[in-house]
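For what it's worth, full-length UniProt numbering labels the leading residue of the sequence shown as 1, then goes sequentially.
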Amino acid sequence: MGGSLAGLLAAHVVAGHADRVTVVERDRFPDGTGSRPGVPQGRHPHVLLQGGQVALESLLPGFLAELRAAGAPRVGMPSDMVMWQNGRWFRRLTATTHIYTGSRVQLEDLVRRRVLANPVISVVEGTDAVGLLGDASRVRGVLLRDRSGGAGAEHRALEADLVVDASGSGTKAPQWLAAIGAETPYEETIDTGLAYASRVYRGRKGVLDGETLGYYVYPGPDQVHGGGALPLEDGSHLVIVSGLRGDEPPTGDDEFETYTKRLQHPLLDRWLEDAEPLSPAFGYRRTANIRRRYDLPGRRPAGFLATGDALCTFNPIYGQGMAIAAMTAVALRGALADRRRTPTTRRVQQVLLAASRQAWDISAGADRKMPGAVGTAVADGPADRVADWYLRRVMERSPGDPVVGRAFRSVLTLSAPVTALFAPPVARAVLFTPPGPTPTEPPATPEEPGG
Ligand SMILES: Cc1cc2nc3c(=O)[nH]c(=O)nc-3n(C[C@H](O)[C@H](O)[C@H](O)COP(=O)(O)OP(=O)(O)OC[C@H]3O[C@@H](n4cnc5c(N)ncnc54)[C@H](O)[C@@H]3O)c2cc1C
Numbered sequence: 001m002g003g004s005l006a007g008l009l010a011a012h013v014v015a016g017h018a019d020r021v022t023v024v025e026r027d028r029f030p031d032g033t034g035s036r037p038g039v040p041q042g043r044h045p046h047v048l049l050q051g052g053q054v055a056l057e058s059l060l061p062g063f064l065a066e067l068r069a070a071g072a073p074r075v076g077m078p079s080d081m082v083m084w085q086n087g088r089w090f091r092r093l094t095a096t097t098h099i100y101t102g103s104r105v106q107l108e109d110l111v112r113r114r115v116l117a118n119p120v121i122s123v124v125e126g127t128d129a130v131g132l133l134g135d136a137s138r139v140r141g142v143l144l145r146d147r148s149g150g151a152g153a154e155h156r157a158l159e160a161d162l163v164v165d166a167s168g169s170g171t172k173a174p175q176w177l178a179a180i181g182a183e184t185p186y187e188e189t190i191d192t193g194l195a196y197a198s199r200v201y202r203g204r205k206g207v208l209d210g211e212t213l214g215y216y217v218y219p220g221p222d223q224v225h226g227g228g229a230l231p232l233e234d235g236s237h238l239v240i241v242s243g244l245r246g247d248e249p250p251t252g253d254d255e256f257e258t259y260t261k262r263l264q265h266p267l268l269d270r271w272l273e274d275a276e277p278l279s280p281a282f283g284y285r286r287t288a289n290i291r292r293r294y295d296l297p298g299r300r301p302a303g304f305l306a307t308g309d310a311l312c313t314f315n316p317i318y319g320q321g322m323a324i325a326a327m328t329a330v331a332l333r334g335a336l337a338d339r340r341r342t343p344t345t346r347r348v349q350q351v352l353l354a355a356s357r358q359a360w361d362i363s364a365g366a367d368r369k370m371p372g373a374v375g376t377a378v379a380d381g382p383a384d385r386v387a388d389w390y391l392r393r394v395m396e397r398s399p400g401d402p403v404v405g406r407a408f409r410s411v412l413t414l415s416a417p418v419t420a421l422f423a424p425p426v427a428r429a430v431l432f433t434p435p436g437p438t439p440t441e442p443p444a445t446p447e448e449p450g451g
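1. How is GLY227 classed by DSSP in three states: helix, strand or coil?
2. If you scan the stretch 299 to 345 from start to end, which runs of the alpha helix (DSSP H) of 4 or more residues do you find wholly inside it?
3. Which class does MET1 belong to by DSSP, given the choice of helix, strand or coil?
4. Roughly how many angstroms separate the alpha carbons of SER363 and SER169, rounded to a whole number?
5. Is the number of C-beta pairs between the stretch 29 to 36 and the stretch 97 to 105 that are closer than 8 Å three or more?
6. Assess, as a yes-or-no matter, whether the stretch 340 to 359 is touched by the stretch 198 to 207 under the definition of 3 or more beta carbon pairs within less than 8 Å.
7. So if DSSP puts ASN289 in a beta bridge, which residue, or which two residues, is it bridged to?
8. Within the same chain, show all residues whose beta-carbon is closer than 8 Å to that of THR251, passing over the 5 residues directly before and after it, in chain order.
9. Just confirm the distance between the C-beta atoms of THR184 and PRO174, as a whole number of angstroms; I'd bet it's less than 8 Å.
10. Would you mind stating whether MET81 and ALA95 have Cβ atoms separated by less than 7 Å?
11. What runs of the alpha helix (DSSP H), each 4 residues or longer, lie entirely inside the stretch 14 to 48?
12. With a threshold of 6 Å on Cβ separation, who are the neighbours of ALA6 within its own chain once the five nearest residues in sequence on each side are excluded?
13. Just how far apart, CA to CA, sit LEU158 and ALA18?
14. Grab me the residues of SER242's own chain with a C-beta within less than 8 Å of its C-beta, minus the 5 sequence neighbours each way, in chain order.
15. Quick one: using the 10 Å Cβ neighbour count with 16 as the cut-off for buried, is ALA416 buried or exposed?
16. When you compare the stretch 56 to 63 with the stretch 415 to 434, are there three or more beta-carbon pairs, one atom per stretch, that lie closer than 8 Å?
17. DSSP on ARG91, reduced to helix/strand/coil?
18. Can you check DSSP and say which residues form a bridge with VAL133?
19. Since I believe ALA10 is in contact with LEU332 (beta carbons under 8 Å), could you give me their beta-carbon distance rounded to a whole number of angstroms?
20. Between the stretch 267 to 278 and the stretch 291 to 303, can you find at least three pairs of beta-carbon atoms closer than 8 Å?
21. Using only alpha-carbon positions, find the residue among GLY303, ILE290, TYR390, ASP380 that is nearest to TRP360.
22. Would you mind sorting GLY152 into buried or exposed? The rule is 16 or more other CB atoms within 10 Å of its CB.
23. What does VAL124 pair with, by DSSP beta-bridge criteria?
24. Would you mind working out which of ASP269, LEU177, GLY51, ASP367 sits nearest VAL140, comparing C-alpha positions?
25. Leaving out five residues before and five after TYR201 in sequence, what residues of the same chain have Cβ atoms less than 6 Å from its Cβ?
26. Quick one: using the 10 Å Cβ neighbour count with 16 as the cut-off for buried, is HIS46 buried or exposed?
27. Alpha helix (DSSP H) containing GLN395: first to last residue?
28. Let me know the secondary structure DSSP gives residue 465 once reduced to three states.
29. Should the stretch 390 to 403 be called in touch with the stretch 418 to 430, which here means at least 3 C-beta pairs below 8 Å?
30. How big is the Cα-Cα spacing for ARG26 and PRO40?
31. What are the boundary residues of the beta strand (DSSP E) that ARG202 is part of?
32. Is HIS155 near ARG147, with beta carbons less than 7 Å apart?
33. Kindly indicate the opening and closing residues of the beta strand (DSSP E) around THR97.
34. Residues in its own chain within less than 8 Å of ALA179 by CB, not counting five upstream and five downstream?
35. Provide the residue span of the alpha helix (DSSP H) that contains ASP361, from first to last.
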């Protein structure tokens, strides 16, 4: 259920074990790279983190070369970006990781073409999943409704041995499970009320050219407004601003540019004065972290799995969801291929959730500290407070210290475990060395290697 990134990648993996895989998708897929209503977030920046790159390449060999050939910008961190966080500009040291910043629609189009080339996989487009078949012990398929027939259209049954929910953060699967007598998952939530607005611009001059590919001001508890500009595949930039509940960025075109003045430095403002807008401003407000605990004991049917945002949705500011959709598909592949253990529904669901644990710890851990955060999982314990103390020291050092910065980036981009922050050289710098000097103004050029 759901033919976006998580659904397509799950279908790709399951196809290795099934006679037939059917992807049920509410939208009709656009020809090429048009946007579609089922993925409204596609108009906002979508960076592909290193962990996601590795996973996508492993699932679809040659994918990164295709992405590059399609023009997706590959941005070195921190060398190619001007970045600010917690009162400090980052030194533009030699890149230790790269992100892809091309449009979400382009990335999804490339994945879709690769996955749907498999003859085992077919798609039912323009069709809503509206319920589950089966009972509390086993799911036996999905109930479908053709959208062209309107709300009153007849339902039809699609029988299946395995149903995977990849219908995104707004999934109705918990209600559908309840309707067949099964238990709904406990939901952990943390909502900071973060709201986005994004608009495409073509810059005429200024800092965002030549050696500077992108700009980003990260929000934090002391400075809750964020924003920046990231390059797209056609040479334009996607400009984003963000704020918290009660002070959301407006989506009116004029007010959009006024809001950028809240960032603590006028760099983006100045760039926008000479930039040409190529799109309206679009807003986005559903940014809560939501984790659905299907892995916990309960009366749950065999033959039903949740993945992607339907399983675990992250505050998008951390740029993790696509990477986790791919990393979860890799975990699914491993669980289904493991000959030592029977892949029971519960065991596989645990493996899928484990694939998103680090991303959850990052976004939930940071969002708990944001002013006004609400939800079932906002409270922290004594262990969290010790971790917070250490992490604050990591963040103070990361903009200026190459060793701490490298480790922190590798964790944030999901390419190293959190334990990388406790490796001896990192821990020494974090515990015993004061934060190194950082630039007093946005650095216009990268530092020389070794500088
Ligand atoms: C504003 C914003 C910015 C983001 N930025 C980033 C980023 O920088 N980097 C990153 O990695 N991730 C980012 N994400 C997260 C990313 O968009 C998702 O994690 C990723 O798309 C994987 O989602 P998914 O496939 O699980 O669900 P979605 O992409 O939401 O897709 C769900 C699919 O299910 C379909 N569907 C829904 N209900 C039904 C139904 N009943 N029947 C049939 N089909 C149905 C929808 O049409 C859609 O195709 C961002 C998210 C948001 C909201």
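Each residue gets a CB set at the ideal place from its N, CA and C atoms; glycine is no exception.
In brief:
1. To locate residue 227, count along the sequence shown from 1; it is residue 227. Residue state for GLY227 is assigned as strand, using DSSP reduced to three classes.
2. Those alpha helix (DSSP H) runs which fall completely within the stretch 299 to 345 and span 4+ residues are 321 to 337.
3. Within the sequence shown, numbered from 1, the residue matching residue 1 stands at position 1. Assigned with DSSP and collapsed to three states, MET1 falls in coil, not helix or strand.
4. Within the sequence shown, numbered from 1, the residue matching residue 363 stands at position 363. Within the sequence shown, numbered from 1, the residue matching residue 169 stands at position 169. Going by C-alpha positions, SER363 is about 16 Å away from SER169.
5. Taking 8 Å as the limit for Cβ pairs, the verdict is that the stretch 97 to 105 does touch the stretch 29 to 36.
6. Cβ pair count under 8 Å is below three, so no.
7. Position 289 of the sequence shown, counting from 1, holds the residue named residue 289. DSSP output for ASN289 lists ILE190 as bridge partner(s).
8. Looking up residue 251 in the sequence shown gives position 251. Excluding sequence neighbours, THR251 sits near ALA197, PRO280, ALA281, PHE282, GLY283.
9. On the sequence shown, residue 184 is found 184 positions in, with the first residue counted as 1. On the sequence shown, residue 174 is found 174 positions in, with the first residue counted as 1. THR184 to PRO174, Cβ: 4 Å. Contact.
10. The residue you call residue 81 lines up with position 81 of the sequence shown. The residue you call residue 95 lines up with position 95 of the sequence shown. No, they are not a contact pair.
11. Fully enclosed alpha helix (DSSP H) runs of 4 or longer: not present.
12. Sequence index remark: in the sequence shown, residue 6 carries index 6 (1-based). Within the same chain, ALA6 has close Cβ partners ALA166, THR307, GLY308, ALA325.
13. In the sequence shown, the residue the question calls residue 158 occupies position 158. In the sequence shown, the residue the question calls residue 18 occupies position 18. Taking the straight line joining both Cα atoms gives about 15 Å.
14. For the purposes of this step, residue 242 is identified with residue 242 of the sequence shown, where counting begins at 1. Excluding residues within five positions, the ones whose Cβ falls inside 8 Å are LEU194, ALA195, TYR196, ALA197, PRO219, HIS225, GLY226, GLY227, PRO249, ILE317.
15. Start at 1 with the first residue of the sequence shown, and residue 416 comes out as number 416. Buried, because 16 or more other Cβ atoms sit within 10 Å of the Cβ of ALA416.
16. The stretch 56 to 63 vs the stretch 415 to 434: no contact.
17. As a position in the sequence shown, residue 91 is number 91, starting the count at 1. ARG91 falls in the coil class under three-state DSSP.
18. Sequence index remark: in the sequence shown, residue 133 carries index 133 (1-based). A small fix is needed here, since residue 133 is Leu in this sequence, not Val. Under DSSP, the beta-bridge partners assigned to LEU133 are GLY141.
19. Translated into positions along the sequence shown, residue 332 becomes position 332. Translated into positions along the sequence shown, residue 10 becomes position 10. About 6 Å separates the two Cβ atoms, so the contact holds.
20. No, the stretch 291 to 303 is not in contact with the stretch 267 to 278.
21. Here residue 360 corresponds to residue number 360 of the sequence shown, with the count starting at 1. Check the Cα spacing between TRP360 and each of GLY303, ILE290, TYR390, ASP380: the tightest is with ILE290.
22. As a working mapping, residue 152 is identified with position 152 in the sequence shown. By the Cβ-count criterion, GLY152 is exposed, with fewer than 16 other Cβ atoms from all chains shown falling within 10 Å of its own Cβ.
23. Stepping through the sequence shown from its first residue, residue 124 is reached at position 124. VAL24, per the DSSP bridge assignment.
24. On the sequence shown, residue 140 is found 140 positions in, with the first residue counted as 1. One point to set straight first is that residue 140 is Arg, not Val, in the sequence displayed. If we check each option's Cα against that of ARG140, LEU177 comes out closest.
25. The count along the sequence shown starts at 1 and reaches residue 201 at position 201. Only HIS237, VAL239, ALA275, PRO277 meet the Cβ criterion.
26. Against the sequence shown, residue 46 aligns to sequence position 46. The residue is buried, with at least 16 neighbouring Cβ atoms inside 10 Å.
27. The sequence position of residue 395 within the sequence shown is 395, counting from 1. Before going further, note that residue 395 is Met rather than Gln in the sequence given. Per DSSP, the continuous alpha helix (DSSP H) segment holding MET395 begins and ends at 382 to 397.
28. Because the chain here runs from 1 to 451, residue 465 falls outside it and cannot be looked at.
29. For the pair of segments examined, the stretch 390 to 403 was found to touch the stretch 418 to 430: the number of CB pairs separated by less than 8 Å reaches three.
30. Working through the sequence shown from its first residue, we reach residue 26 at position 26. Working through the sequence shown from its first residue, we reach residue 40 at position 40. Distance between the alpha carbons of ARG26 and PRO40 is about 13 Å.
31. On the sequence shown, position 202 is the one that residue 202 refers to. In the DSSP assignment, ARG202 falls within the unbroken beta strand (DSSP E) covering 195 to 202.
32. The residue you call residue 155 lines up with position 155 of the sequence shown. The residue you call residue 147 lines up with position 147 of the sequence shown. Against a cut-off of 7 Å, the Cβ pair of ARG147 and HIS155 comes out as no contact.
33. Here residue 97 refers to the residue found at position 97 when the sequence shown is read from its first residue. Element bounds for THR97: 97 to 100.
34. As a first step, residue 179 is located in the sequence shown; it is residue number 179 there, counting from the start. Around ALA179: GLY131, LEU132.
35. Against the sequence shown, residue 361 aligns to sequence position 361. Counting along the chain, the alpha helix (DSSP H) containing ASP361 begins and ends at 357 to 368.
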